[in-house]
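Peer 1: Under my numbering, think of the first position of the sequence shown as 64, with each following residue one higher. All residues carry an ideal CB built from backbone N, CA and C; glycine is no exception.
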Amino acid sequence: MLEALEQIDRQVTNGDAQVLSADLFAEYNAALLTGTNYAPEVKPGELREHSVVVGTYRGAPPEDCEYLLEQLATWLEGDTFKSADPDIQFALTVASAVYAHLYLAWIHPFGDGNGRTARLVEYLILARSEAIPIPAAHLLSNHYHLTRDQYYRELDRTSRSNNATGFLQYAIQGLLDGLREEIETVRTEQLNVTWINYVH
Numbered sequence: 064m065l066e067a068l069e070q071i072d073r074q075v076t077n078g079d080a081q082v083l084s085a086d087l088f089a090e091y092n093a094a095l096l097t098g099t100n101y102a103p104e105v106k107p108g109e110l111r112e113h114s115v116v117v118g119t120y121r122g123a124p125p126e127d128c129e130y131l132l133e134q135l136a137t138w139l140e141g142d143t144f145k146s147a148d149p150d151i152q153f154a155l156t157v158a159s160a161v162y163a164h165l166y167l168a169w170i171h172p173f174g175d176g177n178g179r180t181a182r183l184v185e186y187l188i189l190a191r192s193e194a195i196p197i198p199a200a201h202l203l204s205n206h207y208h209l210t211r212d213q214y215y216r217e218l219d220r221t222s223r224s225n226n227a228t229g230f231l232q233y234a235i236q237g238l239l240d241g242l243r244e245e246i247e248t249v250r251t252e253q254l255n256v257t258w259i260n261y262v263h
């Protein structure tokens with residue numbers, strides 16, 4: 064995962080950020096599964112050929128996965144998530160990142176690594192946006208990890224209700240909490256540096 068994140072950081076820094084596509088999702092999945100243990104029937108970066116149930120949720124039928132990934136990428140890259148107003152663009156960027164994560168989890172297109180792939184795509188959307196600094200683009204993934212039980216409850220609740228609002232609220236609250244924590248860390252460090260420079 065770290066290598067994939069570093070690659071995204073380099074691409075964003077160099078102005079070569081990837082455009083979302085079904086092929087990119089597959090590329091990310093393959094990269095994330097390389098060197099890991101997975102079931103023999105799993106083919107990294109290839110769409111699954113079998114039905115899958117995650118908790119109480121049944122993933123999309125395997126024959127629909129390619130189409131759904133293409134539609135997801137087109138929707139996320141389209142005008143729905145674009146605005147000339149920077150404040151609105153910030154909100155749309157966060158929403159598109161969360162929706163990307165949620166829909167990849169719902170579609171569950173790969174035999175393994177769907178959650179990691181969803182987090183990586185979410186990270187890419189935030190990092191390339193310029194609305195969120197690269198060092199803060201990991202905050203949603205970190206939030207899911209720190210609140211793992213709630214994460215699965217929200218995914219389950221959202222899939223049963225067929226309404227993304229609850230998961231969106233959960234994710235946004237986590238992002239806000241993470242941003243506040245980051246700001247407090249920066250303030251504390253600034254105070255420490257100022258105090259040390261004042262004393263010396």
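Look at the alpha carbon of Lys106 and the alpha carbon of Ser146, and state the distance between them as a whole number of angstroms.
Peer 2: For this step, residue 106 is matched to residue 43 along the sequence shown. For this step, residue 146 is matched to residue 83 along the sequence shown. Going by the C-alpha atoms only, they are around 38 Å apart.
Peer 1: By the 10 Å Cβ neighbour count, where 16 or more other Cβ atoms means buried, how is Gln168 classified, buried or exposed?
Peer 2: Your numbering for residue 168 matches position 105 in the sequence shown. It is Ala, not Gln, that sits at residue 168 in the sequence shown. Buried: at least 16 other Cβ atoms inside 10 Å.
Peer 1: Which same chain residues, not among the five before or five after Ala200, have their C-beta less than 8 Å away from its C-beta?
Peer 2: Numbered from its first residue, the sequence shown carries residue 200 at position 137. Same-chain partners within the cutoff: Tyr186, Leu189, Ala190.
Peer 1: So, helix, strand or coil for Leu65, using DSSP?
Peer 2: Walking along the sequence shown from the start, residue 65 turns up at place 2. Reduced to three states, the DSSP call for Leu65 is helix.
Peer 1: So for Val82, helix, strand or coil by DSSP?
Peer 2: Here residue 82 is taken as the residue at index 19 of the sequence shown, counted from 1. Val82 falls in the coil class under three-state DSSP.
Peer 1: Just the Cα atoms here: how many angstroms apart are Leu202 and Ile259?
Peer 2: Taking the first residue of the sequence shown as position 1, residue 202 is located at position 139. Taking the first residue of the sequence shown as position 1, residue 259 is located at position 196. So the alpha carbons of these two residues sit roughly 30 Å apart.
Peer 1: I want to know whether the region 85-96 touches the region 213-221 - three or more CB-CB distances under 8 Å.
Peer 2: At 8 Å Cβ cutoff, the stretches do not touch.
Peer 1: How about His164 and Ala181: are their beta carbons less than 7 Å apart?
Peer 2: For this step, residue 164 is matched to residue 101 along the sequence shown. For this step, residue 181 is matched to residue 118 along the sequence shown. Contact flag set, yes.
Peer 1: For Cys128 versus Pro172, is the C-beta spacing smaller than 7 Å?
Peer 2: Here residue 128 corresponds to residue number 65 of the sequence shown, with the count starting at 1. Here residue 172 corresponds to residue number 109 of the sequence shown, with the count starting at 1. It is a contact, given that the beta carbons lie within the stated cut-off.
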